[in-house]
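Notes follow once the structure below has been shown.
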Amino acid sequence: KKLGIALVGLGNYATNQLAPALQVTENAYLAGIVTGTPAKEKIWADKYKIDPAHIYNYDNFDNIINDAAIDVVYVVLPNSMHKEFVIRAARAGKHVITEKPMGLTAAECEEMIAACHKAGVQLSVGYRLQFEDNTQQIVHAGQSLPLGPINYVRSEFSFIIGNPKQWRLKKELAGGGPIMDIGIYCIQGARMATGLEPIALRAVEYKTDHQKFSSVEETVMWQMEFPGGLYSNSTCSYNMKANELYVSYAKGNARLEPAYSYRGVGGHLGQLKLPPHQVNQQALQMDDFVVCIRQNKTSKVSGEEGLKDMKIVDAMYKSMANGGQRVVI
Ligand code: NAD
């Protein structure tokens, strides 16, 4: 039997990526929705044949505890709301997936992990690229070292943000700027490529548009220091364009560009071409979570995995606040 997933927050990502992915998942289906916009209820109910019994709003969401059709709650709300809805879902006895960033701080992530642990439910983060084949080739190369040891990693993700009124530019909803949104991918990229955890970092912020970026950072450049004297360089920005993961090995290099997109991730690994795969990352991610639930196995994109990234994010803001000082993680 497929497990039922309820999406919480029916914005862009839920509408254009997750709901379509749930039409091709093998282990899960779209069983319910949670929305603060009543007009969306009928549209989604008609489109995806969702029974009104499985439609909730943010106020009556906790009644989901009595809904046997919902096994998993997937939180796709603005970042500042992840913690609250993960904890409420856990209290309702549901397994939970939350979008990235997992929370706004490592401390929030620890609360979320504790709540899920207490409720006996599994928690995972929407790190779809951990289910993307070419990314996995880079991960394997970092472990089996066919091109020798890694001596440098560069990960960059930037785009030029549009509407100046959106929640992504409001600190109280987003928790920060590009670090929270796309810097997370650069951190994941460097951690995945090396298979190592950074021990320290330095981060510097640059701002050109003080009005648009009055409450969040615009551009951040940072270096992470890994055990054994390996360094990575990263940039994330809401005012540039980049989408790349580059790894230098003793005997060659690997490059994915685009590295973080929904489709088309591809490049090369030494002499090996890595042409894009037509996989649905979100479907693979959700199917894998169901397997983990069924087998009572920890997901590779668990809450603990999300917490590791948020400890790095905390250190980045600390370093930025101190003029790029080295911060031990
Ligand atoms: P969005 O703005 O399109 O959707 C946000 C949804 O939250 C909307 O339905 C909105 O109505 C609802 N909402 C509830 N309270 C709100 C409030 N106070 N202010 C604004 N909206 C409110 O955003 P999105 O792009 O769908 O992002 C949602 C989450 O998904 C974010 O955490 C984001 O980081 C994550 N995301 C992940 C990926 C990925 O590739 N994994 C891609 C895009 C977004």
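Heads up: the sequence shown begins at 42 in the UniProt record's numbering, then just goes up one per residue. Even for Gly, the Cβ is constructed at its ideal location relative to N, Cα and C.
Inset, instruction - Take the Cβ of Lys83 as the centre, count every other Cβ of all protein chains shown within 10 Å, and call the residue buried at 16 or more, exposed below. - result: exposed
Legend entry - Proximal residues to residue 21 (C-beta, below 7 Å), its chain only, five neighbours per side dropped: In the structure as shown, the chain begins at 42 and stops at 370. Residue 21 is therefore absent and cannot be evaluated.
Legend entry - Alpha-carbon spacing of Ile74 relative to Gly217, whole angstroms: 27 Å
Inset, instruction - Between the Cα of Met233 and those of Asn280, Ile191, Met361 and Ala324, spot the shortest distance and give me the residue it belongs to. - result: Ile191
Inset, instruction - Just mark Asn120 as buried or exposed, buried being the case when its beta carbon has 16 or more other beta carbons within 10 Å. - result: buried
Legend entry - Cβ neighbours of Thr276 in the same chain (closer than 6 Å, five flanking residues each side left out): Glu197 and Met262
Inset, instruction - Flag this pair as yes or no: are the beta carbons of Pro239 and Ser273 separated by less than 9 Å? - result: yes
Inset, instruction - Could you spell out the range, first to last residue, of the beta strand (DSSP E) harbouring Leu118? - result: Taken as a continuous stretch (DSSP letters only), Leu118 belongs to no beta strand (DSSP E), as it is neither H nor E.
Inset, instruction - Go to Ala257, then tell me how far its beta strand (DSSP E) extends in each direction, as first and last residue. - result: For clarity, residue 257 is Val in the given sequence; the question names Ala instead. Run containing Val257: none; DSSP gives neither H nor E here.
Legend entry - Nearest to Tyr247 (by Cα), restricted to the options Phe102, Ile46 and Ala362: Ala362
Legend entry - Ala324, enclosing alpha helix (DSSP H) - first and last residue: Gln322 to Gln336
Inset, instruction - Check whether the Cβ of Asp103 sits closer than 8 Å to any heavy atom of ligand 1, and report yes or no. - result: no
Inset, instruction - Look up Met265 in the DSSP assignment and say whether it is helix, strand or coil. - result: strand
Inset, instruction - Indicate, with yes or no, if ligand 1 has a heavy atom lying under 8 Å from the CB of Arg169. - result: yes
Legend entry - Cβ shell of Tyr54 (< 8 Å), same chain only, five flanking positions each side left out: Val117 and Glu140
Legend entry - Boundaries (first-last residue) of the alpha helix (DSSP H) holding His158: Ala147 to Ala160
Legend entry - CA nearest to the CA of Arg132, picked from Gln163, Gly144, Leu145 and Gly203: Gln163
Legend entry - Close-in-space but distant-in-sequence residues of the same chain around Gly365 (CB under 6 Å, 5 per side omitted): Arg243 and Val245
Legend entry - Buried/exposed call for His136, threshold 16 Cβ in 10 Å: buried
Inset, instruction - Count the other C-beta atoms from every protein chain shown that fall within 10 angstroms of the C-beta of His123, then say buried if there are 16 or more, exposed otherwise. - result: buried
Inset, instruction - Can you give me the Cβ contacts of Met160 inside the same chain, cut-off strictly under 8 Å, excluding the 5 residues immediately before and after it? - result: A small correction: the amino acid at residue 160 is Ala; Met does not occupy that position in the sequence shown. Cβ neighbours of Ala160 beyond the five flanking positions: Ala131, Arg132 and Gly134.
Inset, instruction - Look at the alpha carbon of Pro316 and the alpha carbon of Ser302, and state the distance between them as a whole number of angstroms. - result: 14 Å
Inset, instruction - Spatial neighbours of Val257 within its chain, please: CB distance less than 7 Å, with the 5 preceding and 5 following residues excluded, ordered by chain position. - result: Leu210, Lys212, Ala215, Gly217 and Gly218
Inset, instruction - Examine the Cβ distances between the segment 322–329 and the segment 57–74 and report whether three or more of them are shorter than 8 Å. - result: yes
Legend entry - Reference Thr177, options Glu345, Lys341, Met351 and Leu348, closest by Cα: Sequence inspection shows Gln at residue 177; the Thr mentioned does not correspond to that position. It is Lys341 whose Cα lies nearest to the Cα of Gln177.
Legend entry - Selection from Gly347, Ile353 and Ile370 that minimises the alpha carbon distance to Gln171: Gly347
Inset, instruction - Check whether the Cβ of Gly230 sits closer than 8 Å to any heavy atom of ligand 1, and report yes or no. - result: no
Inset, instruction - Given a cut-off of 9 Å, decide if Gly45 and Asp87 are closer than it, judged by their beta-carbon atoms. - result: no
Legend entry - Which residues DSSP lists as bridging Ile46, in chain order: Leu71 and Val113
Inset, instruction - Let me know if Val368 comes out buried or exposed under the rule of 16 or more other beta-carbons within 10 Å of its beta-carbon. - result: buried
Legend entry - Limits of the alpha helix (DSSP H) - the one that Arg132 falls within: His123 to Arg132
Inset, instruction - Please state whether DSSP places Leu170 in a helix, a strand or coil. - result: helix
Legend entry - Three-state secondary structure (DSSP) of Phe200: coil
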